[in-house]
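Visitor: Okay, handing you the structure first.
2 protein chains.
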Amino acid sequence: MTDKAPGITADESEIRQIFEQWSQAVRNKNLGAILAHHHSDFLMFDVPPPFLSRGIPAYVETWNLFFSMAPIPVKFDFDQLEIHASADVAFLTAIGHCRDTEPNGQIAPLDFRLTMGLRKIDGQWIIVHEHHSVPAAS
Amino acid sequence: MTDKAPGITADESEIRQIFEQWSQAVRNKNLGAILAHHHSDFLMFDVPPPFLSRGIPAYVETWNLFFSMAPIPVKFDFDQLEIHASADVAFLTAIGHCRDTEPNGQIAPLDFRLTMGLRKIDGQWIIVHEHHSVPAAS
Chain A
157 MTDKAPGITA
167 DESEIRQIFE
177 QWSQAVRNKN
187 LGAILAHHHS
197 DFLMFDVPPP
207 FLSRGIPAYV
217 ETWNLFFSMA
227 PIPVKFDFDQ
237 LEIHASADVA
247 FLTAIGHCRD
257 TEPNGQIAPL
267 DFRLTMGLRK
277 IDGQWIIVHE
287 HHSVPAAS
Chain B
157 MTDKAPGITA
167 DESEIRQIFE
177 QWSQAVRNKN
187 LGAILAHHHS
197 DFLMFDVPPP
207 FLSRGIPAYV
217 ETWNLFFSMA
227 PIPVKFDFDQ
237 LEIHASADVA
247 FLTAIGHCRD
257 TEPNGQIAPL
267 DFRLTMGLRK
277 IDGQWIIVHE
287 HHSVPAAS
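From first to last, the protein sequence lines are chains A and B. Just so you know, we're using the numbering used here here: the first sequence kicks off at 157 and counts up by one. Just so you know, we're using the numbering used here here: the second sequence kicks off at 157 and counts up by one.
Dropping the structure here:
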């Protein structure tokens, strides 16, 4: 017996668990838990500016900005999760759903695209890259 | 003697070569060469809408749109390339530089973020995902 779904590798299960803990930590506004599996040289491409953020302090700033705009309770849900994992490098794609506060104060749904890159370092999966975006205004 | 840089694995060299062939193919407007290493179930998150594109015919549409807006000669250059490769899964990040034609007809530089995901299938690296974006307007 196993608690893994058929065809899902142990690495895929670990990555899914890290991903779900991370998104839950965002919903909980728990910054320590958000950062629990991130690399010190982490590279962020976020929805709003700046163009890129490098390292944990800059990553924290992106969450401070997000939480300043996110209505309570924080919505940060995903579907269409696809995990591509080898023994020590992995990436995943997903579609995210959150909410934004517009300049007029109205709350609006905001869907975004997410790509996340991971490496296994000393036996632990670590998030080294996130790319969050929306399409450019046409 | 070797033609690889010190510390670069054979997989990283192969992925760099595929990446450089792909970006050269864009500069050459050579659609066949752009598609030379893409998976049939390829997932695209592009700069302009649509929100996502799945499969090769939809990917071709994103290039038709790009070429309709790109001044000649086509600029499609990258720097800050970082490759994370294992034996059969890899991703890379890079900063791209192209040009856009604005509604008033003026040509403007456009910088964008790129994440690309690859899998090795039957001994060949295949591109299964691209995520191109610019930060949302603030």
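Using N, Cα and C, we set each Cβ at its ideal position, and we do this for glycine too.
Residues of the stretch 177-204 of chain B with a CB closer than 8 Å to any CB of chain A: list them in chain order, please.
Guide: Answer in chain order: LEU199, PHE201, ASP202, VAL203, PRO204.
Visitor: Quick check on GLY252 (chain B): buried or exposed, where buried means 16 or more other Cβ atoms within 10 Å of its Cβ?
Guide: Classification of GLY252 (chain B): buried, given that the 10 Å Cβ count is 16 or more.
Visitor: When the Cα atoms are used, what is the spatial distance from ASP167 (chain A) to ALA243 (chain A)?
Guide: For ASP167 (chain A) and ALA243 (chain A), the distance between alpha carbons rounds to 7 Å.
Visitor: Answer with buried or exposed for SER196 (chain A), where buried requires no fewer than 16 other C-beta atoms within 10 angstroms of its C-beta.
Guide: Exposed, because fewer than 16 other Cβ atoms sit within 10 Å of the Cβ of SER196 (chain A).
Visitor: Rounded to a whole number of angstroms, what is the C-alpha to C-alpha distance between MET157 (chain A) and ARG172 (chain A)?
Guide: Below a pLDDT of 50, predicted positions are generally treated as unreliable, and MET157 (chain A), at 40, falls in that range; the measurement from the model is reported next regardless. When rounded, the distance between both Cα atoms is 20 Å.
Visitor: Where does ALA166 (chain A) fall in DSSP's three states?
Guide: ALA166 (chain A): helix per DSSP, three-state reduction.
Visitor: Could you give the DSSP three-state label for ILE212 (chain A): helix, strand or coil?
Guide: Three-state result, ILE212 (chain A): helix.
Visitor: Helix, strand or coil: which one does DSSP assign to GLY222 (chain B)?
Guide: Gly is not the amino acid found at residue 222 (chain B); the sequence shown has Phe there. PHE222 (chain B): helix per DSSP, three-state reduction.
Visitor: According to DSSP, is GLN180 (chain B) part of a helix, a strand, or is it coil?
Guide: It is helical.
Visitor: Use the C-beta contact count for PRO213 (chain B): other C-beta atoms within 10 angstroms, 16 or more gives buried, fewer gives exposed.
Guide: PRO213 (chain B) comes out exposed.
Visitor: Taking 6 Å as the cut-off, does the CB of LYS231 (chain B) come closer than this to any heavy atom belonging to the ligand FMN?
Guide: The ligand FMN is absent from the structure shown, which contains no ligand whatsoever.
Visitor: Report the residues of the stretch 235-257 of chain B with a CB closer than 8 Å to any CB of chain A, ordered along the chain.
Guide: Per Cβ criterion, the list reads GLU238, HIS240, ALA241, SER242, ALA243, ASP244, VAL245, ALA246, PHE247, THR249, ILE251.
Visitor: Applying the criterion that 16 or more other CB atoms from any shown protein chain within 10 Å of the CB defines a buried residue, is ASP202 (chain B) buried or exposed?
Guide: It counts as buried.
Visitor: Given that a residue counts as buried once 16 or more other Cβ atoms are within 10 Å of its Cβ, and exposed if not, what is PHE207 (chain B)?
Guide: Flag for PHE207 (chain B) reads exposed.
Visitor: Put GLU258 (chain B) into one of helix, strand or coil per three-state DSSP.
Guide: It is coil, neither helix nor strand.
Visitor: With a cut-off of 7 Å, does the C-beta of VAL290 (chain A) fall near any C-beta of chain B?
Guide: Yes, VAL290 (chain A) lies at the interface with chain B (some Cβ there is under 7 Å from its Cβ).
Visitor: Flag GLY137 (chain B) as yes if its beta-carbon sits less than 7 Å from any beta-carbon of chain A, otherwise no.
Guide: Summary: the structure shown does not reach residue 137 (chain B), with chain B confined to residues 157 through 294, and so no result is reported for it.
Visitor: Could you run through the stretch 263-277 of chain B and flag, in chain order, every residue whose CB is less than 8 Å away from some CB of chain A?
Guide: Residues passing the 8 Å Cβ filter: ASP267, ARG269, THR271, GLY273, ARG275.
Visitor: Between ILE239 (chain A) and the rest of its own chain, which residues show a CB-CB distance below 7 Å, the 5 nearest in sequence each way excluded?
Guide: Around ILE239 (chain A): GLU168, ILE171, ARG172, ALA246, LEU248.
Visitor: If you drop the 5 nearest sequence neighbours on each side, which residues of the same chain put their C-beta closer than 6 Å to that of HIS287 (chain A)?
Guide: Hits under 6 Å: PHE201, THR271.
Visitor: With H, G and I counted as helix, E and B as strand and the rest as coil, what does DSSP make of PHE207 (chain A)?
Guide: The answer is coil: DSSP assigns PHE207 (chain A) none of H, G, I, E or B.
Visitor: Taking the alpha-carbon of ILE228 (chain A) as reference, which of A:GLY211, A:ASP256, A:GLN280 has the nearest alpha-carbon?
Guide: The candidate whose alpha carbon is nearest that of ILE228 (chain A) is A:ASP256.
Visitor: Could you pull out every residue in the same chain whose Cβ sits closer than 6 Å to the Cβ of ALA189 (chain B), ignoring the five residues on either side in sequence?
Guide: ALA181, listed in sequence order.
Visitor: Using the Cα positions of ARG210 (chain B) and MET225 (chain B), report the straight-line distance between them to the nearest angstrom.
Guide: Roughly 22 Å between the two C-alpha positions.
Visitor: Just reading off the alpha helix (DSSP H) that GLY188 (chain B) is part of, what are its end residues?
Guide: Counting along the chain, the alpha helix (DSSP H) containing GLY188 (chain B) begins and ends at 187-190.
Visitor: Using the C-alpha atoms, what's the distance from LYS185 (chain B) back to HIS193 (chain B)?
Guide: Going from the Cα of HIS193 (chain B) to the Cα of LYS185 (chain B) covers about 16 Å.
Visitor: Starting from GLN290 (chain B) and walking both ways along the beta strand (DSSP E), at which residues does that stretch end?
Guide: It is Val, not Gln, that sits at residue 290 (chain B) in the sequence shown. Run containing VAL290 (chain B): none; DSSP gives neither H nor E here.
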